[in-house]
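Worksheet: the structure to be examined is printed underneath.
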Amino acid sequence: MQEYTQARKTELSERVQAVQEDLAEAAKKAGRAASDVTLVAVSKLHPASDIAALADAGHLDFGENYVQEAAGKQEALQGLDVRWHFIGGLQSNKAKFVAGNFELVHSVDSLKLAKKLAAKAAERGTVQDVLIQASLAGEEQKSGAEADELERLVAEASELDGLRVRGLMTMPPFFDEPERARPFFARLRELREGIGQRLGISLPHLSMGMTGDFVPAVEEGATLVRVGTRIFGARPPK
Ligand SMILES: *Cc1c(COP(=O)(O)O)cnc(C)c1O
């Protein structure tokens with residue numbers, strides 16, 4: 597792995613600090629504790645050295661989207677104290693590369709995928725924590741379970757040995773105006789409350805909010821925000 601420079605470490609930790617400050621302010625406005633919201637730094641397409649720099653500065657949570665890229669970084673950064681989050685679209689035939697290797701998988705959107713993750717995790721003697729991804733924007737948004745299928749998927753996934761459903765995730769369509777994303781965040785929180793109550797299970801986590809819209813997401817109850825660009829800068833093309 598390429599060494600990071602002190603300048604890069606300083607730059608990245610200042611950006612994380614700035615995001616944490618905005619996040620704390622949004623939490624306060626909503627009467628929530630800042631410590632109830634975890635900042636997941638989305639490092640996809642950025643070098644492992646950036647993760648090492650931030651980890652050495654004390655940041656814990658990192659999000660990756662691509663199986664191979666994530667595996668390469670995990671290998672390069674073995675022994676580093678970080679929590680890995682898988683946040684990208686995941687084909688069920690790749691579940692075996694993910695199960696047991698991530699603290700939390702945010703993007704479970706089908707029973708097929710849930711079953712594969714559960715089976716692999718169980719085989720490896722572990723339990724995989726997951727979120728169920730909801731698609732709340734109809735045609736505009738292909739990934740995630742539609743609202744009317746969501747409860748059933750949560751119920752069925754919760755029955756699987758090797759899997760623990762911890763909450764819901766969503767990604768609204770992109771808007772220039774972050775306030776326009778707010779109704780999607782409010783909707784996810786309502787769904788979480790309704791589903792949790794009807795199924796009698798605890799769904800503590802809501803993963804919602806990215807660089808452009810994490811402030812309204814936190815105000816609406818996000819417990820995990822996934823921020824990439826604002827921390828690492830623009831991503832190189834894949
Ligand atoms: C890339 C990505 C992010 C981070 O997006 P930014 O706009 O760069 O903050 C968050 N969530 C998911 C699912 C992503 O794929």
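Under this note's numbering, think of the first position of the sequence shown as 597, with each following residue one higher. Ideal Cβ placement from N, Cα and C applies to all residues, glycine included.
The Cβ atoms of L799 and G792 sit closer than 8 Å to each other. Taking a cut-off of 8 Å for Cβ pairs, the region 812-822 and the region 614-632 touch, as three or more such pairs fall below it. Closest in alpha carbon position to G829, among L764, V726, V638, is V638.
Under the 10 Å beta carbon count, G790 is surrounded by fewer than 16 other beta carbons and is classified as exposed.
By alpha-carbon distance to G808, the top candidate from F781, F771, L795 is F771. For ligand 1, a non-hydrogen atom lies closer than 7 Å to the CB of N661.
Taking a C-beta distance under 8 Å as the contact criterion, L709 and G763 do not qualify as a contact pair. Taking the C-beta atoms as reference points, H702 is found no nearer than 8 Å to L673. Distance between A714 and Q724, taken at the CA atoms: about 7 Å. Annotation for K834: L641, Y662 place their beta carbon closer than 8 Å to its own, counting only its chain and skipping 5 residues before and after. Per DSSP, the unbroken alpha helix (DSSP H) holding A782 starts and ends at 778-795. Three or more Cβ pairs closer than 8 Å define a contact, and the region 683-696 falls short of that threshold against the region 647-654. Judged by DSSP secondary structure, V704 falls within the beta strand (DSSP E) whose first and last residues are 700-704.
Each residue's CA atom was taken as its position, placing S754 and V761 some 6 Å apart.
Partner residues in the beta bridge of T634, as assigned by DSSP, are L820.
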